[in-house]
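Structure record follows, encoded as structure tokens.
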Amino acid sequence: MLHRAGRSARGQVFRGAVEHGDLHLRNIMMSDTEVSFIDYSNHKGIFPQRDIADIWLSNCPDHLAPNGRQPGFGGIASADWVAFEDGYGMQLTADPLFRFFFIWRLFKLWSALAARPSDQHRRTTEVVAGAQNVLEQLLAAEG
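Whatever position you read off the sequence shown (first residue = 1), add 1 for the numbering used here.
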């Protein structure tokens, strides 16, 4: 799946931007009027799509569509994607580069889980189930 996503992203024109490098919810500050990001390091990446994939998967499984809500790309509620993409100004879920980084981030999550001790605590079990749900949603969407 990662290889297929990479092939789809190859050669795509994209708009580069400053990339945070390890963006997650604790690096976002919000007020009533603006959103700010903190903790920039000397990261030299230019793919904001990677940061967005990090946001959606950093708290897996908490971001997944709860029962009764229609799941969209990667098992995230369709309404959440619509709201996010509307605010972001781009249909990320149709962007091959974003889709590659989303699947790559899922792979990194799986790799990190494999390194955890076998005596899993409850949160690790929840993350494993969430990551499996995301993978199943992505595979089902491939057809």
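We put the CB at the ideal spot given by N, CA and C, even for glycine.
**Request:** With a threshold of 16 other CB atoms inside 10 Å of the CB of Phe-102, please say whether the residue is buried or exposed.
**Result:** Here the question's residue 102 lines up with position 101 in the sequence shown. Looking at its Cβ environment, which holds 16 or more other Cβ atoms inside 10 Å, Phe-102 is buried.
**Request:** To the nearest angstrom, report how far apart Leu-110 and Gly-75 are at their CA atoms.
**Result:** To locate residue 110, count along the sequence shown from 1; it is residue 109. To locate residue 75, count along the sequence shown from 1; it is residue 74. So the alpha carbons of these two residues sit roughly 14 angstroms apart.
**Prompt:** Would you call Asp-63 buried or exposed, if buried means 16 or more other Cβ atoms sit within 10 Å of its Cβ?
**Reply:** Within the sequence shown, residue 63 is the residue found at index 62, counting from 1. By the 10 Å Cβ count, Asp-63 comes out exposed.
**Item:** Anticipated Cβ contact below 8 angstroms, Leu-107 with Leu-140, distance rounded
**Value:** Residue 107 sits at position 106 when you count from the first residue of the sequence shown. Residue 140 sits at position 139 when you count from the first residue of the sequence shown. Wrong, their Cβ atoms sit about 11 angstroms apart, outside the cutoff.
**Request:** For the alpha helix (DSSP H) holding Phe-101, just list the boundary residues, first then last.
**Result:** Taking the first residue of the sequence shown as position 1, residue 101 is located at position 100. Unbroken alpha helix (DSSP H) run through Phe-101: 97-115.
**Asked** At which residue ranges does the stretch 26-79 contain complete beta strand (DSSP E) runs of 3 or more residues, listed in the order of the chain?
**Response** 29-31, 36-38
**Asked** Whose C-alpha, out of Ala-84, Leu-98, Pro-67, is nearest the C-alpha of Val-135?
**Response** Within the sequence shown, numbered from 1, the residue matching residue 135 stands at position 134. The shortest Cα separation from Val-135 among Ala-84, Leu-98, Pro-67 belongs to Pro-67.
**Asked** How would you call Asp-33, buried or exposed, if buried means at least 16 neighbouring beta carbons within 10 angstroms?
**Response** For the purposes of this step, residue 33 is identified with residue 32 of the sequence shown, where counting begins at 1. Result: exposed.
**Asked** Going straight from the alpha carbon of Leu-65 to that of Ile-77, what length do you get?
**Response** Indexing the sequence shown from 1 puts residue 65 at position 64. Indexing the sequence shown from 1 puts residue 77 at position 76. For Leu-65 and Ile-77, the distance between alpha carbons rounds to 4 angstroms.
**Asked** What's the C-alpha gap between Ser-9 and Trp-105?
**Response** On the sequence shown, residue 9 is found 8 positions in, with the first residue counted as 1. On the sequence shown, residue 105 is found 104 positions in, with the first residue counted as 1. So the alpha carbons of these two residues sit roughly 13 angstroms apart.
**Asked** Where do the N-terminal and C-terminal ends of the alpha helix (DSSP H) with Gly-90 fall, by residue?
**Response** Position 89 of the sequence shown holds residue 90. Careful: Gly-90 lies outside any alpha helix (DSSP H) and carries neither H nor E.
**Request:** Give the DSSP-derived three-state secondary structure of Val-128 in the structure shown.
**Result:** Position 127 of the sequence shown, counted from the start, is the residue given in the question as residue 128. DSSP places Val-128 in helix when its eight states are reduced to three.
**Message:** Between the alpha carbons of Arg-100 and Asp-55, how many angstroms are there, rounded?
**Reply:** Here residue 100 is taken as the residue at index 99 of the sequence shown, counted from 1. Here residue 55 is taken as the residue at index 54 of the sequence shown, counted from 1. One C-alpha to the other measures close to 12 angstroms.
**Asked** With respect to the alpha helix (DSSP H) encompassing Gly-144, which residues constitute its N-terminal and C-terminal limits?
**Response** As a working note, residue 144 is residue 143 in the sequence shown. Where Gly-144 is concerned, there is no enclosing alpha helix (DSSP H), given that its DSSP letter is neither H nor E.
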